[in-house]
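Asker: Residue numbers (full-length UniProt numbering): 1 to 91. Every residue, glycine too, gets a C-beta built ideally from N, C-alpha and C.
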């Protein structure tokens with residue numbers, strides 16, 4: 001399912017226009033991204049939580065040449081599924 005299909009399903013479920021559903025979804029995703037960028041954890045009980053994980057600087061290999069390269073430290077988004085979501089997926 002892509003974003004367009006999701007927006008359509010959301011509009012049908014809420015009985016609103018596709019434009020309203022698109023604005024609502026965009027607002028939710030923007031808020032999650034903003035909070036994560038600020039270093040906060042965003043949790044939805046039963047569904048899961050979004051948080052930022054820190055990756056330390058490390059050494060990697062260039063697959064073409066085999067040469068060692070330095071991979072810079074970075075912050076990466078992380079999602080952990082909640083119990084209700086895990087139960088729904090596992091039937």
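(1) Which residue marks the beginning of the alpha helix (DSSP H) containing residue 79, and which one marks its end?
(2) Measuring only the C-alpha atoms, how far is residue 21 from residue 52?
(3) Out of 31, 43, 61, state which residue places its alpha-carbon closest to the alpha-carbon of residue 80.
(4) Can you tell me the Cβ-Cβ gap for residue 96 and residue 25, rounded? I've got them flagged as a contact below 8 Å.
(5) Taking C-alpha atoms, which residue in 50, 67, 10, 56 lies nearest to residue 38?
Answerer: The short version:
(1) Here residue 79 belongs to no alpha helix (DSSP H); instead the beta strand (DSSP E) covers 74-81.
(2) 27 Å
(3) 43
(4) The structure shown does not extend to residue 96, since the chain spans only 1 to 91, so no value can be given for it.
(5) 50
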